[in-house]
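>
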Ligand SMILES: NC(=O)c1ccc[n+]([C@@H]2O[C@H](COP(=O)([O-])OP(=O)(O)OC[C@H]3O[C@@H](n4cnc5c(N)ncnc54)[C@H](OP(=O)(O)O)[C@@H]3O)[C@@H](O)[C@H]2O)c1
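Numbering (full-length UniProt numbering), first residue to last: 1 to 332.
1. Run through DSSP, which three-state label would residue 36 get?
2. Alpha carbons only, please: which of 87, 58 and 295 is nearest the one belonging to residue 252?
3. Hey, which unbroken runs of the alpha helix (DSSP H) at 4 residues or more fall wholly within the stretch 44 to 103?
4. Does the stretch 267 to 281 come close enough to the stretch 120 to 135 that 3 or more CB-CB pairs lie under 8 Å?
5. On the criterion of 16 or more Cβ atoms from any shown chain inside 10 Å, does residue 54 qualify as buried, or is it exposed?
6. Under 8 Å: do the stretch 204 to 221 and the stretch 136 to 152 share three or more Cβ pairs, one atom per stretch?
7. Would you tell me roughly how many angstroms separate the C-alpha atoms of residue 287 and residue 131, rounded to the nearest one?
8. With burial defined as no fewer than 16 other Cβ atoms inside 10 Å of the residue's Cβ, what is the status of residue 40: buried or exposed?
9. What is the DSSP secondary structure of residue 273, counted as helix, strand or coil?
10. Taking the Cβ atom as the reference point for each residue, do residue 333 and residue 257 lie within a distance shorter than 8 Å?
11. Ignoring anything shorter than 3 residues, give me the beta strand (DSSP E) runs that lie fully in the stretch 175 to 235, in order along the chain.
12. Taking the alpha carbon of residue 192 as the point to measure from, which residue in 201, 170 and 198 has its own alpha carbon closest?
13. In its own chain, which residues sit with a C-beta less than 7 Å from the C-beta of residue 158, not counting the 5 before and 5 after it?
14. Buried or exposed: which applies to residue 263, given that a residue is buried once 16 or more other Cβ atoms fall within 10 Å of its Cβ?
15. Alpha carbon to alpha carbon, how far is residue 260 from residue 297? Give it in angstroms, no decimals.
16. Enumerate in chain order the residues of its own chain whose CB-to-CB distance from residue 322 is below 6 Å, with the five nearest sequence positions on each side excluded.
17. Between residue 90 and residue 74, how many whole angstroms is the CB-CB distance? I'm expecting something under 8 Å.
18. First and last residue of the alpha helix (DSSP H) that includes residue 280?
19. Count the other C-beta atoms from every protein chain shown that fall within 10 angstroms of the C-beta of residue 61, then say buried if there are 16 or more, exposed otherwise.
20. Specify, as a first and last residue, the run of the beta strand (DSSP E) that residue 7 falls within.
21. Just to confirm my understanding: we take residue 308, look at its own chain, exclude 5 residues before and 5 after, and list those with CB closer than 6 Å. What are they?
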């Protein structure tokens, strides 16, 4: 197969706002090194973490092509062994770096074949987000039937999937979301209580959580909003409960004085997906769980919008502007 030498890609050379996302038409096509595959991306996922690398909240070397995941076709295999038996032509999904591009050199160890019957769009609407949600609900805190769970940003990319996973386990879910449309969406997923934490009435969401749980608070809080919600989350969790901080959509949680945890014997976790799927067996375990849920129809995905590659900056504006629900995708 003959490959072009250059490609379209979104490159950033410095940190900043969405305006630093440069659309380039002549970026060199990468060459796969040992342990890598060259993938022609059909569709890429956009995740909130991409904005952290763009702003510099998470430091990373520049110049950089953003993007942590894509689905596409294997068009090249790096030199050396090929332990997972990939072939040119395989339809795959991968986690790695530089997916805002037509081609990416990706780690074979973090690539899987997509089963027939699952579209590239469906995988990308649930891959990084869905794997994260499964690790959070199965490993960070093992959610049990009857647990009270507070989930912030329940209408977002991760939240939309998490609400469904929590309800399928039999948890009682209190979701927060900004605005009436998002509230309706989360209700439609079966959440027991949904609070519009941006409305005048929902501002005191801690009180509402306490009321819903008979004054006890929740067994676990999944908080990916961070700066704006962390204090409320600490109040809303019950004695001996757990707070899982897994994101910074409103900014990072400030350094937490540990004595704040003592009065209620609260446990705190700060997980990342990549920490749970470092080993191939771990990655395959969660991927198989995800594919089973997608194939059985138990997990529904929602694609808010597919942006053409050249509109990556608009995608970031919409994501940070809290205008999206479910997942947003990028078409290289
Ligand atoms: N630790 C991990 O491994 C991991 C993996 C995946 C995702 N995450 C985290 O999970 C979160 C969700 O990621 P996602 O990609 O699915 O994004 P998303 O939920 O689709 O978008 C973020 C949402 O956060 C809410 N939000 C609250 N305050 C905000 C603010 N000041 N600015 C912007 N948004 C605000 C908004 O929903 P409302 O309008 O409803 O408030 C917004 O839609 C992010 O914090 C991300 O970093 C972590």
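Backbone N, C-alpha and C fix where the C-beta goes; we use that ideal spot for every residue, glycine too.
Here's the rundown:
1. On the chain shown, residue 36 is found 36 positions in, with the first residue counted as 1. Residue state, collapsed to three classes: strand.
2. Position 252 of the chain shown, counted from the first residue, corresponds to residue 252. The candidate whose alpha carbon is nearest that of residue 252 is 58.
3. 48 to 55
4. yes
5. Start at 1 with the first residue of the chain shown, and residue 54 comes out as number 54. Buried, by the Cβ-count rule.
6. yes
7. Here the question's residue 287 lines up with position 287 in the chain shown. Here the question's residue 131 lines up with position 131 in the chain shown. Approximately 7 Å between the Cα atoms of the pair.
8. Residue numbering aside, residue 40 sits at position 40 when the chain shown is read from its first letter. With 16 or more other Cβ atoms within 10 Å, it is buried.
9. Position 273 of the chain shown holds residue 273. Of the three classes helix, strand and coil, the one that applies to residue 273 here is helix, per DSSP.
10. Here the chain covers residues 1 to 332 and nothing more, so residue 333 does not appear.
11. 193 to 196 and 218 to 223
12. The residue labelled residue 192 in the question sits at position 192 within the chain shown. The shortest Cα separation from residue 192 among 201, 170 and 198 belongs to 170.
13. Mapped onto the chain shown, residue 158 falls at position 158. Counting only Cβ-Cβ distances below 7 Å, and skipping sequence neighbours, we find 129, 132, 133 and 224.
14. Here residue 263 refers to the residue found at position 263 of the chain shown. Its Cβ having fewer than 16 others within 10 Å, residue 263 is exposed.
15. Translated into positions along the chain shown, residue 297 becomes position 297. Translated into positions along the chain shown, residue 260 becomes position 260. About 42 Å.
16. Start at 1 with the first residue of the chain shown, and residue 322 comes out as number 322. Counting only Cβ-Cβ distances below 6 Å, and skipping sequence neighbours, we find 178.
17. Against the chain shown, residue 90 aligns to sequence position 90. Against the chain shown, residue 74 aligns to sequence position 74. That pair is a contact at about 4 Å.
18. What you label residue 280 is simply residue 280 of the chain shown in a count that begins at 1. Note, residue 280: alpha helix (DSSP H), 280 to 296.
19. Residue numbering aside, residue 61 sits at position 61 when the chain shown is read from its first letter. Flag for residue 61 reads exposed.
20. As a first step, residue 7 is located in the chain shown; it is residue number 7 there, counting from the start. Element bounds for residue 7: 6 to 12.
21. Looking up residue 308 in the chain shown gives position 308. Around residue 308: 331.
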